[in-house]
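Undergrad: I have a structure here, written as structure tokens, and I will follow up with some questions on it.
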Amino acid sequence: ASSDMLVLDVHQNEGGYKVGDTISFKLKYMGVLGIMNSDYVDKVLE
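In this text, residue positions in the sequence shown follow my numbering: the first is 179, and each later residue adds one.
Structural data, given as structure tokens:
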């Protein structure tokens, strides 16, 4: 991971994730602030 990307190895995982799946994260305030102000991140609010 870096400040502008995250790479996940989904080859063998307990959650059954595959390429193209949506992955949820629990973020703290500064993390939310950073992604909500980014033009490069697709956002879905539920």
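All C-beta atoms, glycine included, are put in the ideal place defined by N, C-alpha and C. Quantities reported herein were computed from a predicted structural model and do not represent experimental measurements.
Measure the C-alpha to C-alpha separation of L205 and E224 and round it to an integer number of angstroms.
TA: About 15 Å.
Undergrad: So what's I213 in DSSP terms, helix, strand or just coil?
TA: If DSSP states are grouped into helix, strand and coil, I213 belongs with the helices.
Undergrad: Between I213 and the rest of its own chain, which residues show a CB-CB distance below 6 Å, the 5 nearest in sequence each way excluded?
TA: Around I213: V219.
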